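Okay, structure coming up:
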């Protein structure tokens with residue numbers, strides 16, 4: 002009898018652990034549509050984001066803005082499943098002592114990802130929205146110098 006109870010307890014523990022791992026992987030899978038190379042060409046320059054899957058719970062991206070032959074902005078991004086939350090970590094060289102700024106997700110579904118950090122100077126909110134015809138809109142918003150500001154970038158998959 003004791004052996005049956007022990008075996009049953011081990012089986013329940015094993016099944017419980019498997020289910021949690023599946024939930025974790027399902028959360029990051031909602032962001033699979035980010036994977037790929039995205040571009041926005043404008044008179045101001047070229048914005049590029051290259052997303053890749055590192056493993057089952059982590060994506061990485063390089064985001065840069067080029068005008069002519071000059072790279073005006075470069076950002077390293079990690080999108081990771083941490084516990085029950087997707088977290089967007091952005092690192093910009095020369096800002097925040099070269100340490101990442103974390104933005105936990107507030108919305109994550111098959112068409113939109115929203116990340117917020119009210120304590121960050123700017124932006125406080127980062128939104129990715131999946132569009133039609135291999136497009137996505139990246140939007141950064143928040144208060145800057147006391148004014149609410151929003152910047153939108155419609156990108157096409159290459």
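Numbering (our numbering), first residue to last: 2 to 159. Yeah, the Cβ is synthetic: ideal placement off N, Cα and C, and Gly gets one too. Remember, it's a predicted structure, so these values are computed and weren't measured experimentally.
Taking only the alpha-carbon atoms, compute the straight-line gap between residue i and residue j and give it to the nearest angstrom.
i, j, result
"residue 29", "residue 120", "24 Å"
"residue 116", "residue 51", "19 Å"
"residue 159", "residue 86", "29 Å"
"residue 94", "residue 130", "26 Å"
"residue 91", "residue 105", "11 Å"
Using 10 angstroms around the beta-carbon of residue i, count the other beta-carbons present and answer buried if the total reaches 16, otherwise exposed.
i, result
"residue 123", "exposed"
"residue 41", "buried"
"residue 162", "Past the edges of the chain, shown from 2 to 159, lies residue 162, and the structure says nothing about it."
"residue 49", "buried"
"residue 133", "exposed"
"residue 108", "exposed"
"residue 35", "buried"
Answer with yes or no whether the minimum CB distance from residue i to chain D is below 9 Å.
i, result
"residue 104", "The displayed structure is made up of one protein chain only, and chain D is not part of it."
Rounded to the nearest angstrom, how far is the Cβ of residue i from that of residue j, given a contact under 8 Å?
i, j, result
"residue 58", "residue 82", "4 Å"
"residue 46", "residue 68", "4 Å"
"residue 103", "residue 118", "6 Å"
"residue 60", "residue 80", "4 Å"
Please classify residue i: does DSSP put it in a helix, a strand, or coil?
i, result
"residue 36", "coil"
"residue 94", "coil"
"residue 57", "coil"
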